[in-house]
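Reading through the structure tokens given below for one structure.
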Amino acid sequence: MRVAGIDIGSRTIELVVLNERGIVLSKRADSGFDPTAGVKKLLEEVDYDRIMATGYGRHLFELSFVAPTVTEIKAYAMGAQAMFRGVRTILDIGGQDSKAIAVNGVGKVTKFEMNDRCAAGTGKFLEIMASSLGYSLDDFGREALKAEKELQISSMCTVFAESEVTSLLAKGENRREIAMGLHHSVVRRAAGMLRRVLVEGPVVFAGGVARNACMRHLLEEALEKEITVPEDPQMVGAYGAALLAAGQG
Amino acid sequence: MNEQYEKMWEELGLDITAHDGLLKVLGKFYGDIYLTQDNRLKGMEYLDFVLSEVHGLRIKELQDAKAAGKKIIGTFCVFVPEELIWAVNGVAIGLCAGAEIGKEAAEKILPRSTCALIKSFVGFKLSRLCPYIECCDLVVGETTCDGKKKAYEIFEEYAPMYILGLPQMKGPSDRALFRNEVLKFKAKMEEISAQEITAEKLREAIQLINSRRRALQRLNELRKAVPTPISGRDALLINQISFYDDPVRFTAKINELCDELEKRVAQGKGIVEDGIPRLMTSGCPMAVPNWKLPYVVESSGAVIVGEESCIGTRNTRDLVDETGNSVEHMIEAIVDRYMRIDCACFTPNPERLEHIVEMAKDLKVDGVIHYALQFCHPYTIEAYKVEKVLETENIPVLRIETDYSMEDVEQLKTRVEAFVEIVK
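So the protein sequences, as listed, match chains A and B.
Each residue of the first sequence is one higher than the one before, starting from 1 at the first, in our numbering.
Each residue of the second sequence is one higher than the one before, starting from 1001 at the first, in our numbering.
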């Protein structure tokens, strides 16, 4: 039997198909302005018996396809636990949400924290900050790591932080160091969320922001914990959803 | 239907165009949230009707009451001893403040970091959209939180205000303070109505309001049944309407509805399938038409079976003792009853924690959603203690901080659905 999981996020859509032996297919597309079209394209010629949707666009999926849905929180928890046996704490920072999730060791979510409505502390924040400093998203973390000192950025609000960045640049500050300061501010927030749930054992860091090396490094420092990042951190939700689809019926 | 009331609204000084817009939005919103429910109770038709006439027939009734010489007294808080209003043949109206209306106008006066409820009552007044407030001969504010206290000072420029002082603690000197405030309020009611509060009138008023509380207690008792016989949305609506409907008629109608519920419970029929997670909300009041969280919860595969809130059990839990035979005795009974209110504006407030745990157990809930309005310090801060005490009792809890806007609905859905997944 082939089971699929689809994670419709604010920035990207991921699809994972499993059979009894493991992952047989994994694909990604940008969410763009018409996520339903993105989903249809991603599913073209993909063969599966059952599918489960997760992510911000899960309810949109329900309208066009007959499929059960699950929250990203449960999907990420499921995916991360299948990848790393015994994990208790998961951090997922995606395009517009950040979540700290505690699991009980046998697959169940026990507690979670999630950012509220604004983009503070999410991938979107980093994306906008990277562009205001003239970095590509891939270079942003790498360059920040080369900073020789840390500048304090106090605004978490994307709009205010942008003006803070502008005024630091006007003062002649080095952009790498500003970049480092911005990463620090996101990490402080994420670490705070994690401490509100539970930090036990290594922390699995997933979602698009986990691809940022500076974030990983600073989180390790802040939590004094080993940070484990899956090979493809953005696929954890879709993988978890596929596993949950397998468990259905 | 609106035409028949238009003259009345004009006379009340409402902004007719904006008001029409408001009623349209409200009607649509109500239709989407309420009228789409399956398996609804026959008795809810009355509530649908009352809500559809919220700015119509009920306002007409208030105008008629005014013409007959009755005083209309608006209130914002369950601490106002409404018995004293009814005892002078007045009409007490709980003003709602549950919609994001006139926010821009309110923000000209108030800081942006003011809670949605305060912004709403100021916004309604400034944008001339609330016929209730325009009917009021007096609006009673109270010294609960700092936000309200300071906002009332400004509100005084727009509406005839009276401020009821509340203590912050619950010792003997605090009771003495509140007792004095109740006596002052009694004198104010006697003055405004030119009537004396006699033992007979006060007894009748106490019985009137106790009967309404008993009907709501009966409703809450029936919600303990598994599966629960009524949706949380409907129960919230009943509590909301209790603040402005005629108490005699309302009590009779709710008792009829409870008869219907009793039959349902006896047949083991519920509003949802067995096994659907039962949740209760705890925290800030949800005033008309704030149905946002109950709607999100009940569209996420759970049902709400209790509201630990001012628009909920905080307003109905305690009755005023009815055995007093003199005005003095009855005043003492009123003071005792109101001093038992476990509002987060008191410090310390251990009774609230006890009540939450007791309710959660009685209602057999699978989890509690702590609901607080953003910038409401009493409840957002007390949430920490609520969470701790529920964790000790092994009752899952989700903390929500939100306001009246719809921009965070998707995030709320994710949180609530994830919480439902946890408690399932």
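Glycine included, every Cβ here is placed at the ideal spot set by N, Cα and C.
Whose CA, out of the options, lies closest to the CA of residue i?
i: Ala222(A); options: Val187(A), Asp47(A), Met129(A), Thr110(A); result: Val187(A)
i: Leu1166(B); options: Ile1422(B), Arg1278(B), Phe1079(B); result: Phe1079(B)
i: Lys225(A); options: Met156(A), Val87(A), Gln234(A); result: Val87(A)
i: Pro1396(B); options: Pro1081(B), Thr1281(B), Glu1322(B); result: Thr1281(B)
i: Gly1102(B); options: Gly1094(B), Ala1116(B), Val1091(B); result: Ala1116(B)
i: Glu1134(B); options: Glu1100(B), Leu1095(B), Met1044(B), Tyr1295(B); result: Leu1095(B)
i: Pro1131(B); options: Trp1009(B), Ile1422(B), Val1365(B), His1355(B); result: Trp1009(B)
i: Arg58(A); options: Val70(A), Asp47(A), Glu44(A); result: Val70(A)
i: Gly1043(B); options: Thr1198(B), Phe1076(B), Glu1256(B); result: Glu1256(B)
i: Glu1200(B); options: Arg1352(B), Asn1349(B), Lys1007(B), Asn1325(B); result: Asn1325(B)
i: Asp1020(B); options: Leu1363(B), Arg1128(B), Tyr1384(B); result: Arg1128(B)
i: Asn1089(B); options: Phe1124(B), Asn1180(B), Phe1155(B), Ala1205(B); result: Ala1205(B)
i: Met1169(B); options: Phe1178(B), Pro1111(B), Val1305(B), Glu1354(B); result: Phe1178(B)
i: Val1320(B); options: Arg1314(B), Gly1312(B), Met1330(B), Thr1313(B); result: Met1330(B)
i: Val1296(B); options: Ile1400(B), Gln1217(B), Glu1391(B), Asp1048(B); result: Ile1400(B)
i: Phe160(A); options: Ile13(A), Phe140(A), Ile128(A); result: Ile128(A)
i: Leu1062(B); options: Ser1299(B), Asp1245(B), Ala1176(B); result: Asp1245(B)
i: Pro233(A); options: Arg28(A), His184(A), Gly107(A); result: Arg28(A)
Is there a Cβ of chain B sitting closer than 8 Å to that of residue i, yes or no?
i: Phe125(A); result: no
i: Ile93(A); result: no
i: Thr71(A); result: yes
i: Val109(A); result: yes
i: Met78(A); result: no
i: Asp34(A); result: no
i: Phe112(A); result: yes
i: Tyr56(A); result: yes
i: Gly149(A); result: Reading the sequence as shown, one finds Lys at residue 149(A) and not Gly. Not one chain B Cβ lies under 8 Å of Lys149(A).
Is there a Cβ of chain A sitting closer than 8 Å to that of residue i, yes or no?
i: Arg1112(B); result: no
i: Thr1414(B); result: yes
i: Asp1408(B); result: yes
i: Glu1421(B); result: yes
i: Ala1372(B); result: no
i: Ala1383(B); result: no
i: Ala1302(B); result: no
i: Ala1360(B); result: no
i: Glu1401(B); result: yes
Alpha carbon to alpha carbon, what distance is there between residue j and residue i?
i: Arg1214(B); j: Ala1187(B); result: 28 Å
i: Arg269(A); j: Phe84(A); result: Coverage of chain A is limited to positions 1 through 249, which leaves residue 269(A) absent and any answer about it impossible.
i: Gln1374(B); j: Gln152(A); result: 27 Å
i: Leu1338(B); j: Pro1378(B); result: Strictly speaking, residue 1338(B) in this sequence is Tyr, with Leu absent from that position. Cα to Cα, Tyr1338(B) sits roughly 18 Å from Pro1378(B).
i: Gly1442(B); j: Val39(A); result: No answer is possible for residue 1442(B): it lies beyond the span of chain B, which begins at 1001 and ends at 1424.
i: Ala1252(B); j: Ile1209(B); result: 12 Å
i: Lys1149(B); j: Thr1347(B); result: 17 Å
i: Glu1308(B); j: Glu1387(B); result: 14 Å
i: Lys99(A); j: Glu113(A); result: 6 Å
i: Ile1109(B); j: Cys1343(B); result: 27 Å
i: Leu63(A); j: Gly5(A); result: 16 Å
i: Ala1333(B); j: Val1122(B); result: 33 Å
i: Leu60(A); j: Glu1410(B); result: 12 Å
i: Gly1074(B); j: Ala77(A); result: 50 Å
Tell me whether residue i sits in a helix, a strand or coil according to DSSP, three-state version.
i: Met1044(B); result: helix
i: Gly237(A); result: helix
i: Ile1238(B); result: helix
i: Thr158(A); result: helix
i: Val24(A); result: strand
i: Ser131(A); result: helix
i: Lys99(A); result: strand
i: Leu1293(B); result: helix
i: Glu113(A); result: strand
i: Asn174(A); result: coil
i: Thr1144(B); result: coil
i: Phe978(B); result: There is simply no residue 978(B) to check, as chain B begins at 1001 and stops at 1424 in what is shown.
i: Leu1138(B); result: strand
i: Asp30(A); result: strand
i: Arg142(A); result: helix
i: Val1288(B); result: coil
i: Ile13(A); result: strand
i: Tyr1162(B); result: strand
i: Thr71(A); result: coil
i: Asn19(A); result: strand
i: Ile1271(B); result: coil
i: Thr1313(B); result: helix
> Counting only runs that start and end within the segment 1047 to 1093 of chain B, where is the beta strand (DSSP E) found for 3 or more residues in a row?
Replying inline: 1072 to 1075
> Which ranges would you report for the alpha helix (DSSP H) in the segment 1363 to 1405 of chain B if only whole runs of at least 4 residues count?
Replying inline: 1377 to 1392
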